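These notes are about the structure you will find just below.
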């Protein structure tokens, strides 16, 4: 792999860029404190802008590293979401994608556009071999985003996650795409 870090990516409608500490209020207001947005995520809503600011302090510092891939998503000049490649494994040339967006932006193709741009960057420039993502079986909209971007179903982890929001266990759907699949489409 050729690590390049969180570079600015532009699409037809979006700007993907590193997070800044100054994003705290907008991030908190648009999605970080929304229980509907965080319902199927691995974290609970932030209780305060200060909690969001503390997290962004870490993210801003991490964004300087060449092996960190974490973008703020801007739509029409407003910060509306987050997309990242976590668990980057240099030996296997792989990573795990996670994302979320403000509720007001659901159903507009924004996350499909963002994920497509991240896949392009990761496969064409960084040369990842494999990227995977997971979603709760109770959140099929996230799975449709993955499918539209070429991630194929690989399996289901039965009761693979306990939702923070409700304490209920949920099946986790696993999907992935290989670099060769991406380049051949």
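Numbering (the working numbering), first residue to last: -8 to 176.
Heads up, the beta-carbon is just placed ideally off N, CA and C, and yes, glycines get one too.
Source: prediction; values computed, not measured.
Straight-line Cα distance separating residue j from residue i
i: residue 25; j: residue 40; result: 12 angstroms
i: residue 70; j: residue 19; result: 10 angstroms
i: residue 169; j: residue 13; result: 36 angstroms
i: residue 42; j: residue 52; result: 16 angstroms
i: residue 153; j: residue 130; result: 14 angstroms
i: residue 35; j: residue 58; result: 26 angstroms
i: residue 147; j: residue 32; result: 17 angstroms
i: residue 139; j: residue 176; result: 12 angstroms
i: residue 83; j: residue 48; result: 30 angstroms
Contacts around residue i, its chain only, beta-carbon distance under 8 angstroms, and the 5 residues preceding and following it disregarded
i: residue -7; result: 116, 117 and 118
i: residue 5; result: 64, 65, 66, 101, 104, 105 and 108
Residue i versus the options, residue with shortest Cα-Cα distance
i: residue 72; options: 59, 48 and 9; result: 9
i: residue 149; options: 15, 163, 58 and 120; result: 163
i: residue 61; options: 160, 89 and 21; result: 89
i: residue 16; options: 114, 130, 74 and 44; result: 44
i: residue 79; options: 96, 133, 7 and 113; result: 113
i: residue -2; options: 36, 56, 37 and 23; result: 56
i: residue 0; options: 160, 50 and 74; result: 74
i: residue 7; options: 137, 145 and 54; result: 54
i: residue 11; options: 3, 2, 46 and -5; result: 46
Bridge partner(s) assigned by DSSP for residue i
i: residue 156; result: Answer by DSSP bridge pairing: none, since residue 156 is not bridged.
i: residue 69; result: 66
Contacts around residue i, its chain only, beta-carbon distance under 7 angstroms, and the 5 residues preceding and following it disregarded
i: residue 142; result: 124, 166, 167 and 168
i: residue 37; result: 19, 23, 24 and 43
i: residue 92; result: 22, 64, 71, 72, 101 and 102
Nearest-angstrom beta carbon gap, residue j and residue i [assumed within contact, 8 angstroms]
i: residue 29; j: residue 156; result: 7 angstroms
i: residue 86; j: residue 122; result: 6 angstroms
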